[in-house]
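S.K.: If you count the sequence shown from 1, position 71 lands on 129 in my numbering, and the numbers rise without skipping.
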Amino acid sequence: ASGGRLDLLSTAAVDVGGDSSGGQIAIDAGAYAAVAGSLDASGGTAGSAGDVRVTCSGDSLITASVANGGTAGAGRGLIEIEACNLEFGGGALVRNDAAPGGGCRLTSHEQLTVGAGAEVTAAGSGNEFVIRTAAKPPIVSGLVTPAAVVTVNSALSACGTCGNGVVESGEMCDDASAAWQPGQPCSSMCTLLECGDPDGSGSRTATDALFVLKAAVGSAVCDPCLCDVDQSGGPTAVSATDALRVLRAAVGQPVPLFCGACPA
């Protein structure tokens with residue numbers, strides 16, 4: 059899969075494992091990735107391991123269960139995750155039981171963090187942390203087994219600077235705003251919010267519907283590319299009708315939301 063912003067919810071599961079050989083999982087999130095849920099490419103007890111690769115040119119937060127297992131020769135059966143700022147939050151479990159070649163290679167162009175409550179384990183070739191500069195060593199508060207080999211690769215590209223008004227690698231937008239406010243399409247991480255999600259939570263909720271209603275009566279400001287979900291346009295593009303559509307979507311009704319393109 060590939061895209062601009064990726065949100066893999068905690069209820070989502072990507073499973074390409076099998077009784078014999080495991081499959082391949084390849085995810086490319088162009089600007090930002092929040093990966094919860096589970097990814098599994100494990101092979102069977104006597105089968106070969108699969109491969110997992112997650113890449114993101116922007117920042118990535120991993121709280122998922124990422125698993126691989128089975129038989130793997132040298133350079134096979136890997137779990138590879140690469141991002142600008144790469145963080146493994148509490149609850150993240152990256153486990154590679156593939157042997158003898160399976161391992162975990164985690165690459166960060168800026169800061170790599172294994173937070174408290176996160177776990178990274180590899181039974182085969184071990185763990186490798188790849189960083190761009192020794193000036194930003196990995197921050198490890200969680201469990202890494204075995205201890206990772208840290209490799210400095212100065213050829214890794216530097217990340218963009220969010221907030222400088224220039225759309226750079228890993229960014230979907232950059233409006234040079236000092237501080238993001240709800241209703242603005244470009245988030246504090248220089249990613250574009252989704253249609254009908256003016257509070258930037260990653261999903262449409264009743265809170266979003268209330269904000270759209272406030273924008274409709276003039277007590278809040280919301281860009282039409284977020285809040286004009288029926289693309290009515292005109293000077294009163296955002297209306298109570300839009301708020302109702304967002305609310306219906308929030309409670310699970312099959313209501314399509316269509317907004318115009320947000321500016322970068």
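Ideal Cβ placement from N, Cα and C applies to all residues, glycine included.
#1: Report yes if the CB atom of Asp-117 is closer than 8 Å to the CB atom of Met-247, and no otherwise.
#2: With three or more C-beta pairs closer than 8 Å as the rule, is the stretch 143-160 touching the stretch 258-278?
#3: Run through DSSP, which three-state label would Asp-281 get?
#4: Who are the near neighbours of Arg-134 in its chain, counting only those whose CB is closer than 8 Å to its CB and skipping five residues on each side?
#5: Quick one, which of Thr-121, Ile-139, Gly-95, Gly-81 has its alpha-carbon nearest Ser-115's?
#6: Determine which residues share a DSSP beta bridge with Leu-164 and list them.
#7: Can you find the residues in the same chain that come closer than 8 Å, C-beta to C-beta, to Gly-223, ignoring five residues on each side of it along the sequence?
#8: On a CA-only basis, which of Pro-321, Pro-314, Ser-123, Gly-102 is nearest Ala-94? Give me that one, please.
#9: Look up Gly-61 in the DSSP assignment and say whether it is helix, strand or coil.
#10: Which residue spans inside the stretch 239-300 form an unbroken alpha helix (DSSP H) run of at least 4?
#11: Between Ala-99, Lys-272, Thr-165, which has its C-alpha nearest Val-296's C-alpha?
#12: Below 7 Å CB to CB, which residues in the same chain sit around Ala-225 once its five sequence neighbours on both sides are set aside?
#13: Since Gly-80 contacts Asn-126 with CB under 8 Å, what's their CB separation in whole angstroms?
#14: Using DSSP with H/G/I as helix, E/B as strand and the rest coil, what is Ala-205?
#15: Would Asp-281 be called buried (16 or more neighbouring beta carbons within 10 Å of its own) or exposed?
#16: Which residue marks the beginning of the beta strand (DSSP E) containing Ser-118, and which one marks its end?
#17: Quick check on DSSP: helix, strand or coil for Val-304?
#18: With a threshold of 16 other CB atoms inside 10 Å of the CB of Phe-316, please say whether the residue is buried or exposed.
#19: Can you tell me which of the three DSSP states Ala-71 falls into?
#20: Quick one: Cα of Pro-196 to Cα of Leu-284, how far?
#21: Measuring from the CB of Asp-86, is there a heavy atom of the ligand NAD at a distance below 7 Å?
#22: Determine, for Gly-221, whether the minimum Cβ-Cβ distance to residues of chain B falls below 8 Å.
#23: Note the first and the last residue of the continuous beta strand (DSSP E) segment covering Phe-316.
#24: Compute the beta-carbon to beta-carbon distance between Ala-278 and Gly-241, rounded to the nearest angstrom, for a pair I have assumed lies under 8 Å.
#25: Closer than 7 Å by C-beta to Ala-298: which residues in its own chain qualify, once you throw out the five before and the five after it? Chain order, please.
#26: At the level of alpha carbons, what is the spacing between Arg-306 and Asp-286?
#27: Quickly, what does DSSP pair Asn-154 with across the bridge? List them, please.
M.R.: Taking the structure as given:
#1: Yes, Cβ-Cβ distance for Asp-117 and Met-247 is below 8 Å.
#2: With the cut-off at 8 Å, the stretch 258-278 and the stretch 143-160 do not touch.
#3: Three-state result, Asp-281: coil.
#4: Same-chain partners within the cutoff: Ser-106, Ala-107, Asp-109, Ala-156, Gly-159, Gly-160.
#5: With distances taken between Cα atoms, Ser-115 lies closest to Ile-139.
#6: Beta-bridge pairing links Leu-164 to Ile-139, Phe-187.
#7: Excluding five sequence positions before and after Gly-223, the CB atoms of its chain that fall closer than 8 Å to its own CB belong to Asp-232, Asp-233, Ala-234, given in chain order.
#8: Out of Pro-321, Pro-314, Ser-123, Gly-102, Ser-123 has the C-alpha closest to the C-alpha of Ala-94.
#9: Residue confidence is low: Gly-61 scores 49 on pLDDT, short of 50, so the model does not pin down where it sits. No coordinate-derived value is stated.
#10: Whole alpha helix (DSSP H) segments, 4+ residues: 264-274, 282-285.
#11: That would be Lys-272, whose Cα lies nearest to the Cα of Val-296.
#12: According to the sequence as given, residue 225 is Val; it is not Ala. Same-chain partners within the cutoff: Cys-231, Asp-232, Ala-322.
#13: Taking the Cβ atoms as the reference, Gly-80 lies roughly 7 Å from Asn-126, within the contact range of under 8 Å.
#14: In the three-state scheme derived from DSSP, where H, G and I count as helix and E and B as strand, Ala-205 is classed as coil.
#15: Asp-281 is buried by the Cβ-count criterion.
#16: Start and end: 117-120.
#17: In the displayed model, Val-304 falls within a helix according to three-state DSSP.
#18: Classification of Phe-316: exposed, given that the 10 Å Cβ count is below 16.
#19: Strand at Ala-71.
#20: Going by the C-alpha atoms only, they are around 37 Å apart.
#21: The ligand NAD is absent from the structure shown, which contains no ligand whatsoever.
#22: Absent from the structure is chain B; it holds one protein chain and no more.
#23: No beta strand (DSSP E) contains Phe-316, which DSSP labels as neither H nor E.
#24: Confirmed, Cβ separation roughly 6 Å.
#25: So the list reads Leu-271, Ala-274, once near-sequence residues are dropped.
#26: Rounded to the nearest angstrom, the two C-alpha atoms are 15 Å apart.
#27: Paired residue(s): Asn-126, Ala-180.
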